[in-house]
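Below is one structure, written out as structure tokens, with a few remarks after it.
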């Protein structure tokens with residue numbers, strides 16, 4: 278679905294008025310390249326000083342080829358790139374639909390705008406990317422989102438807190454348990470209840486398994502994007518093991534509604550230790566196989582190494598989190614830095630990269646699978662006995678069997694599932710480390726049993742902002758690789 | 060991630076209309092919430108309870124907002140984790156500390172300091188009659204999509220944003236869906252005049 282938009286006006290100009298061509302065309306070969314006078318690469322401190330005026334730091338806006346000039350990525354700061362020089366294609370999408378509407382007043386009319394998506398298989402859903410290309414080089418990119426917007430935040434205002442996790446679990450459909458967890462943590466924080474230890478550990482077990490399955494899914498799709506079809510088959514195969522365990526525990530392969538405010542929906546099934554151990558014993562050696570399959574493969578390395586590079590300063594400025602941030606060398610993992618649940622009681626390493634390129638992001642995710650398995654094994658050892666839900670009748674419905682015996686249980690059961698429970702007034706922001714980064718929930722309660730406002734800070738939504746920066750100056754063929762390395766889940770982006 | 064930037068323009072404009080100048084004085088980098096109207100909500104739960112860290116909340120006025128954000132930026136808050144809007148139309152009398160004028164809309168900004176492992180939350184009151192607030196894009200470029208979302212969902216205009224267009228809803232959509240006076244259910248589909256075949 279390409280739109281060679283700048284063709285027709287350009288042809289018209291060259292055909293009718295030949296004298297206008299030397300005006301715009303030859304100056305590209307200006308003799309004295311002012312590039313040599315560019316300031317040295319922006320260091321962190323300089324970058325951080327981007328101030329109120331937004332004065333450019335790395336790149337002179339006046340270059341030999343005008344605003345379209347590409348310089349080395351390291352000389353431009355993220356803020357400046359996104360402002361005017363044009364890392365982001367600032368074109369309203371309505372305009373882009375009609376090619377005749379496109380403003381072609383550009384100094385360099387060799388560029389063209391093409392669309393990728395929203396139906397492109399490599400955009401992992403309905404992401405639409407608009408590229409401005411100069412030949413094969415990507416100048417500007419604009420991610421256009423919203424095709425999957427279903428108004429989940431609005432829906433959440435109509436649902437009780439009991440029903441809330443059913444809603445949020447559909448956002449990031451590759452790690453649904455994380456969504457449920459962050460909402461549950463927010464509700465519990467407002468309620469001020471303390472969970473039994475076993476509930477915490479069950480939550481940790483499930484979310485870590487979910488991290489494994491999510492990263493496996495990413496390995497699979499990333500392999501498919503880069504032409505490694507066997508990786509796709511393997512990734513899906515191992516993920517299926519985890520999903521089978523989820524089905525056994527929660528009843529569903531996805532969209533579990535398992536982690537709820539007050540604990541979890543059910544206890545772990547009998548023999549769960551064996552199931553989990555089998556998963557660990559299978560997946561861990563197979564990560565070594567993936568390592569062998571991909572890491573040492575020259576084709577894979579060439580398509581990932583030094584592509585889509587990002588510096589730590591840029592990643593911080595763009596609020597990127599998760600494997601993308603860690604791949605740039607920033608050891609920021611909420612499980613370690615701001616522990617929630619019982620993550621301060623388990624031993625694991627935070628995986629960081631060095632260069633922030635596609636290969637680093639791959640390595641970080643691959644090794645996070647191993648770290649997650651390490652955590653899971655500790656959880657299996659440390660899992661305490663006890664309740665899996667808080668024993669508060671206002672929050673936790675009584676077991677089904679009690680309803681037949683106790684009038685009070687019947688009333689509580691009825692109230693919890695019809696009216697829900699009331700949550701004290703207040704606001705809270707909770708954040709956890711989802712496979713894609715910081716998953717936050719800002720919850721406002723007005724004292725009723727429905728959320729007054731529930732805002733989910735989706736990591737994919739924020740991380741997509743890195744695309745224009747990562748693709749700038751790269752090749753169009755690498756766009757798929759870069760987009761895949763961000764691991765966007767459109768259900769969470771659009772919500 | 061340095062904290063070298065000197066906190067400049069701390070005493071931001073204290074105009075007459077915002078006599079409830081809430082946030083005064085420089086932001087203390089480590090201790091306590093800054094300003095008189097800061098809240099430190101340590102919560103009722105125990106420290107064991109997850110998601111119940113000490114929440115630092117600051118209530119700058121609209122005029123102080125960008126300056127306060129810059130100040131935090133200079134004091135080691137490297138990242139703007141989240142920005143969202145809230146419409147308090149039907150919950151207007153929520154609790155706010157003394158000196159903060161209640162307005163219908165709020166912009167809630169969650170700043171994150173990686174070096175101090177600390178969060179701070181800024182809540183800016185925005186009156187319905189004048190839905191404009193300064194953009195903090197120049198301080199944190201990462202809020203680009205978030206401010207667009209807040210604009211899309213609430214109609215809050217971020218002055219200085221480079222491309223304040225709708226992000227989740229279609230470009231020609233009328234209304235701002237997350238406002239409390241926006242309908243729920245049976246909202247007519249507004250895909251009008253989609254130009255040409257896609």
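Residue numbers (the numbering used here), protein chains in the order written: chain Z, 278 to 772; chain F, 60 to 257. Even for Gly, the Cβ is constructed at its ideal location relative to N, Cα and C. These numbers were taken from a predicted model, which means no experiment stands behind them.
So what does residue i bridge to, in DSSP terms?
i	result
residue 711 of chain Z	Z:714
residue 719 of chain Z	Z:706, Z:732
residue 666 of chain Z	Z:540
residue 165 of chain F	F:145, F:184
residue 515 of chain Z	DSSP output for residue 515 of chain Z lists no bridge partner at all.
residue 437 of chain Z	Z:727
residue 193 of chain F	F:218
residue 601 of chain Z	Its beta-bridge partners do not exist; DSSP assigns none.
residue 420 of chain Z	Z:406
residue 414 of chain Z	Z:411, Z:752
residue 139 of chain F	F:170
Could you check how far apart the C-beta atoms of residue i and residue j are, in whole angstroms? I think they sit under 8 Å.
i	j	result
residue 138 of chain F	residue 744 of chain Z	Wrong, their Cβ atoms sit about 18 Å apart, outside the cutoff.
residue 603 of chain Z	residue 610 of chain Z	7 Å
residue 229 of chain Z	residue 560 of chain Z	In the structure as shown, chain Z begins at 278 and stops at 772. Residue 229 of chain Z is therefore absent and cannot be evaluated.
residue 388 of chain Z	residue 404 of chain Z	No, residue 388 of chain Z and residue 404 of chain Z are not in contact; Cβ-Cβ is about 22 Å, not under 8 Å.
residue 468 of chain Z	residue 672 of chain Z	7 Å
residue 490 of chain Z	residue 520 of chain Z	6 Å
residue 131 of chain F	residue 170 of chain F	5 Å
residue 422 of chain Z	residue 408 of chain Z	Rounded, the Cβ-Cβ distance is 15 Å, inconsistent with contact.
residue 207 of chain F	residue 115 of chain F	Contact flag wrong, Cβ pair sits at about 26 Å.
residue 726 of chain Z	residue 696 of chain Z	6 Å
residue 571 of chain Z	residue 500 of chain Z	7 Å
Within 10 Å of its beta-carbon, does residue i have 16 or more other beta-carbons around it, so buried, or fewer, so exposed?
i	result
residue 662 of chain Z	exposed
residue 756 of chain Z	buried
residue 87 of chain F	Low confidence applies to residue 87 of chain F: its pLDDT is 35, below 50, so where it sits in the model is not reliable, and the reading given next is rough at best. Exposed is the call here.
residue 211 of chain F	buried
residue 678 of chain Z	exposed
residue 182 of chain F	buried
residue 600 of chain Z	buried
residue 579 of chain Z	exposed
residue 666 of chain Z	buried
residue 123 of chain F	buried
residue 543 of chain Z	exposed
residue 419 of chain Z	buried
Rounded to whole angstroms, what is the Cα-Cα separation between residue i and residue j?
i	j	result
residue 298 of chain Z	residue 752 of chain Z	Residue placement at residue 298 of chain Z is flagged as unreliable, the pLDDT there being 39, under the threshold of 50; the coordinate-derived value follows with that caveat. Rounded to the nearest angstrom, the two C-alpha atoms are 27 Å apart.
residue 754 of chain Z	residue 413 of chain Z	8 Å
residue 728 of chain Z	residue 135 of chain F	33 Å
residue 240 of chain F	residue 165 of chain F	15 Å
residue 553 of chain Z	residue 184 of chain F	49 Å
residue 427 of chain Z	residue 433 of chain Z	11 Å
residue 765 of chain Z	residue 683 of chain Z	48 Å
residue 528 of chain Z	residue 480 of chain Z	16 Å
residue 242 of chain F	residue 196 of chain F	31 Å
residue 750 of chain Z	residue 424 of chain Z	27 Å
residue 455 of chain Z	residue 189 of chain F	38 Å
residue 155 of chain F	residue 741 of chain Z	35 Å
residue 300 of chain Z	residue 416 of chain Z	Bear in mind that a pLDDT of 41 at residue 300 of chain Z, under 50, signals an unreliable position, so the model cannot answer this.
residue 442 of chain Z	residue 539 of chain Z	12 Å
residue 198 of chain F	residue 692 of chain Z	48 Å
residue 574 of chain Z	residue 209 of chain F	44 Å
residue 474 of chain Z	residue 233 of chain F	49 Å
residue 688 of chain Z	residue 669 of chain Z	14 Å
residue 162 of chain F	residue 656 of chain Z	47 Å
residue 194 of chain F	residue 739 of chain Z	17 Å
residue 631 of chain Z	residue 201 of chain F	22 Å
residue 141 of chain F	residue 177 of chain F	14 Å
residue 235 of chain F	residue 530 of chain Z	35 Å
residue 760 of chain Z	residue 431 of chain Z	29 Å
residue 224 of chain F	residue 144 of chain F	16 Å
Subject >> Under 9 Å (Cβ pairs) to chain Z, residues found in the segment 177–200 of chain F >> reply: 177, 178, 180, 182, 196, 197, 198, 199, 200
**OP:** Please name the residues in the segment 731–759 of chain Z whose beta-carbon is closer than 8 Å to at least one beta-carbon of chain F, in chain order.
**Re:** 732, 734, 738, 739, 741, 742
**OP:** Compile a chain-ordered list of the residues in the segment 158–177 of chain F whose CB is closer than 7 Å to at least one CB of chain Z.
**Re:** 167, 169, 173, 176
**OP:** With 9 Å as the limit, tell me which residues of the segment 143–154 of chain F have their beta carbon closer than that to any beta carbon of chain Z; keep them in chain order.
**Re:** 143, 144, 145, 146, 147, 149, 150, 153, 154
**OP:** Closer than 8 Å, Cβ to Cβ, to anything on chain F: give me those residues from the segment 606–624 of chain Z, in chain order.
**Re:** 607, 609, 614, 615, 617, 618
Original post:
Name the residues in the segment 127–143 of chain F whose C-beta lies less than 7 Å from a C-beta of chain Z; which are they?
Top reply: 129, 137, 138, 139, 140, 141, 143
Original post:
Can you list, in chain order, the residues of the segment 204–222 of chain F whose Cβ is nearer than 9 Å to any Cβ on chain Z?
Top reply: 204, 205, 208, 211, 212, 219, 221, 222
**OP:** Could you name the residues of the segment 404–434 of chain Z whose beta carbon sits closer than 7 Å to any beta carbon of chain F, in the order they occur along the chain?
**Re:** 422, 423, 426, 428, 430, 431
Subject >> Under 9 Å (Cβ pairs) to chain Z, residues found in the segment 114–126 of chain F >> reply: 114, 116, 125, 126
Subject >> chain F contacts made by the segment 706–723 of chain Z, where a contact means CB separation under 8 Å >> reply: 706, 707, 708, 715, 717, 719, 721, 723
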